[in-house]
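Undergrad: Residue numbers (this note's numbering): 1165 to 1755.
Idealized CB from N, CA, C, for every residue including glycine.
Let me begin by handing over the structure; questions about it come next.
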């Protein structure tokens, strides 16, 4: 297959980017590739820098975690342009530029490893890390743009490969899988990584990531197919290398996920008995013993398989996290109603659901994650009547809900803005359970009770829910695949999965073009109560919507007429500057 570079390397950073990686290692006027990569310690230091290039709390080279937290998805009440299908073709795109700059750093290490005169065994782990991260960044590009140029060599301004066409998504996938296959055998298992090196990529992390990649591509090929590929001549990257990969990818995803589940030594972080059933709040702001009322610290967390590491004294998060997620991750009516009752039934079917008459009613007898994410921050409980006022959409959604997932415990006293330093989970065990269950169902058009017990039902136990079984699903007219997908939505909320999931399932147009609703007004404490609700401040007023208590009038925050998400928006456009520099790059269809 073609392995071509990209015209972004025509810019000046091509000649100096490696210097940025090693500024703390040698005098700045003495840094050259020729003077470096002479000892295993050099390779180790170079590979350590790769970890800073995953998108996480601290901004790197203009990236922002807030571009990747599912803001504006169907689960969120605050509309955002992308979720509405408002996408303009940019001149430049930092996520295109950065990914290729990071891949270049990976390729430099791999090139120098091939030239290394010492034992290859003593640098094998660092070579494996370079291949893992090269796969990581190519997958990022694949999800964002579809087929892209595959880069596996260090190129310079005279390289002819700078001017070639895009590889198809199938060729990109082949390279991603090849890199991961070569990386996995030479990465350490988690149990052998020393305390000072915790956070380094392990064999299990690479297997979990590969399972994620395989499930993503298998379901994309099943539900989206070639509809976004273009012909590769007038638009898109084409379909070169396409084949019947779905079953093989699903089977390997199952095998890899099972290996991580059985042998990785990871555990769900479940301290509900000492945290008032709020584990899924405190997990995501876990720092030192002051970050939760049970005095737990990061050493208690065996759920994160790969995480970006932060420390209040050494490396703070550096973003105004608690404040931002409070409003921009405020849930929609749809998402609030997705949380099951504690009998395991959807709220529309459960006799335990109390309705919406009083503000705290809808929070009662529900999945523990509902209050973990959306409880009153000060009281750790459901908001009481009078604590929530509906004064208009304004700068935030005005939906009547706020979010606290990722927000610091006692924000403002324990942690001030920009100092939050919880680790950012890149891959965690709960996702592996969900990958395993979904891949099994897609593979076999079903899943056994035993397989549910070792995967999804472990997550449901932490959420205070009964087991999902085939008999329970049949009795209550539930679709198990839809239940697995619902679990993904609830469990992985805000973790950069929802847009990807809607697209790979081929349902983004349906879900993202639906109206967005907020609090129920009809029959609630807000109806005809100007002390709590100012109707005139909501430009779209109220509209009827199906709820857990029948069809009721709720705040209409964004009507369907504002939303125009189409199949073309499954992929982002190629930045114009790249097409101008390389006229063999073709724009994605529809742009």
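Compare the Cα-Cα distances from residue 1634 to each of 1508, 1404, 1272, 1367 and report the closest residue.
TA: Of the candidates 1508, 1404, 1272, 1367, the one whose C-alpha sits nearest the C-alpha of residue 1634 is 1508.
Undergrad: Using the beta-carbon count (16 or more within 10 Å), is residue 1489 buried or exposed?
TA: By the 10 Å Cβ count, residue 1489 comes out buried.
Undergrad: In the structure shown, what three-state DSSP assignment does residue 1505 receive?
TA: The answer is strand: DSSP assigns residue 1505 an E or B state.
Undergrad: Taking buried to mean at least 16 other C-beta atoms within 10 Å of its own C-beta, is residue 1202 buried or exposed?
TA: Looking at its Cβ environment, which holds fewer than 16 other Cβ atoms inside 10 Å, residue 1202 is exposed.
Undergrad: Could you say which of 1459, 1699, 1336, 1419 lies nearest to residue 1557 if we only look at CA atoms?
TA: Closest option to residue 1557, Cα to Cα, is 1699.
Undergrad: The beta strand (DSSP E) spanning residue 1468 covers which residue range?
TA: First-last of the beta strand (DSSP E) with residue 1468: 1468-1472.
Undergrad: On the criterion of 16 or more Cβ atoms from any shown chain inside 10 Å, does residue 1409 qualify as buried, or is it exposed?
TA: That one is buried.
Undergrad: What is the C-beta distance between residue 1443 and residue 1449, in whole angstroms, given that I count them as a contact (C-beta under 8 Å)?
TA: That belief does not hold up - the Cβ atoms of residue 1443 and residue 1449 are roughly 12 Å apart, past 8 Å.
Undergrad: Could you give the residue range of the beta strand (DSSP E) that holds residue 1682?
TA: First-last of the beta strand (DSSP E) with residue 1682: 1680-1684.
Undergrad: According to DSSP, is residue 1706 part of a helix, a strand, or is it coil?
TA: It is a strand residue.
Undergrad: Please check the pair residue 1585 and residue 1474, which I expect to be a contact at CB under 8 Å, by giving their CB distance rounded to whole angstroms.
TA: So it is a contact: roughly 4 Å between Cβ atoms.
Undergrad: Could you name the residues that DSSP lists as bridge partners for residue 1719?
TA: 1706.
Undergrad: On the DSSP letters alone, give me the boundaries of the beta strand (DSSP E) that residue 1591 sits inside.
TA: Here the beta strand (DSSP E) through residue 1591 covers 1588-1592.
Undergrad: Going along the chain, which unbroken runs of the beta strand (DSSP E) with 3 or more residues stay wholly within the stretch 1379-1429?
TA: The qualifying runs do not exist here; there are none.
Undergrad: Could you check what DSSP says for residue 1222 in three-state terms: helix, strand or coil?
TA: Coil.
Undergrad: Checking the sheet assignment: what are the DSSP bridge partners for residue 1712?
TA: Residue 1712 pairs with 1714.
Undergrad: How long is the line joining the alpha carbons of residue 1415 and residue 1288, rounded to whole angstroms?
TA: Approximately 28 Å, taken between the alpha carbons.
Undergrad: Answer with buried or exposed for residue 1769, where buried requires no fewer than 16 other C-beta atoms within 10 angstroms of its C-beta.
TA: For the chain, the structure presents residues 1165 to 1755; residue 1769 sits outside this window and is missing.
Undergrad: Does any CB atom of chain B fall closer than 8 Å to the CB of residue 1468?
TA: Chain labels in this structure do not include chain B; a single protein chain is all it has.
Undergrad: Could you name the residues of the same chain whose beta carbon sits closer than 6 Å to that of residue 1347, not counting the 5 residues immediately before and after it, in chain order?
TA: So the qualifying residues of the chain are 1292, 1295, 1296, 1370.
Undergrad: Can you name, in chain order, every residue of its own chain whose Cβ lies under 6 Å from the Cβ of residue 1616, other than the five neighbours on each side?
TA: Closer than 6 Å at Cβ, skipping near neighbours: 1632.
Undergrad: Would you decide whether residue 1555 is buried or exposed? Buried here means 16 or more other CB atoms lie within 10 Å of its CB.
TA: Exposed is the call here.
Undergrad: Inspect the CB distances between the stretch 1587-1594 and the stretch 1489-1501 and report whether three or more fall short of 8 Å.
TA: Cβ pair count under 8 Å is below three, so no.
Undergrad: Following the continuous alpha helix (DSSP H) through residue 1309, name the residue where it begins and the one where it ends.
TA: Note, residue 1309: alpha helix (DSSP H), 1288-1309.
Undergrad: Between the Cα of residue 1309 and the Cα atoms of 1440, 1667, 1465, 1718, which residue gives the shortest distance?
TA: Minimum Cα distance to residue 1309 is reached at 1667.
Undergrad: Would you kindly check if the distance between the Cβ of residue 1677 and the Cβ of residue 1731 is under 8 Å?
TA: No, these two residues do not count as a Cβ contact at 8 Å.
Undergrad: Is the CB-CB distance between residue 1741 and residue 1256 below 8 Å?
TA: Yes.
Undergrad: One question on the structure: do residue 1644 and residue 1611 come within less than 8 Å of each other, judged by their Cβ atoms?
TA: For residue 1644 and residue 1611, yes; Cβs fall inside 8 Å.
Undergrad: Look up residue 1611 in the DSSP assignment and say whether it is helix, strand or coil.
TA: Three-state DSSP puts residue 1611 in coil, outside helix and strand.
Undergrad: Between 1268, 1394, 1603, which has its C-alpha nearest residue 1412's C-alpha?
TA: If we check each option's Cα against that of residue 1412, 1603 comes out closest.
Undergrad: Is the Cβ-Cβ distance between residue 1476 and residue 1568 less than 8 Å?
TA: Result no, Cβ atoms of residue 1476 and residue 1568 do not sit closer than 8 Å.
Undergrad: Whose C-alpha, out of 1548, 1298, 1536, 1546, is nearest the C-alpha of residue 1573?
TA: Of the candidates 1548, 1298, 1536, 1546, the one whose C-alpha sits nearest the C-alpha of residue 1573 is 1536.
Undergrad: Can at least three beta-carbon pairs, one atom from the stretch 1347-1366 and one from the stretch 1322-1336, be found at a separation below 8 Å?
TA: Too few Cβ pairs lie closer than 8 Å, so no.
Undergrad: From residue 1380 to residue 1343, what does the alpha carbon distance come to, in whole angstroms?
TA: Looking at the two C-alpha atoms, the distance is approximately 17 Å.
Undergrad: Distance check for residue 1755 and residue 1323, CA to CA, integer angstroms please.
TA: One C-alpha to the other measures close to 29 Å.
Undergrad: What is the DSSP secondary structure of residue 1479, counted as helix, strand or coil?
TA: Three-state DSSP puts residue 1479 in a strand.
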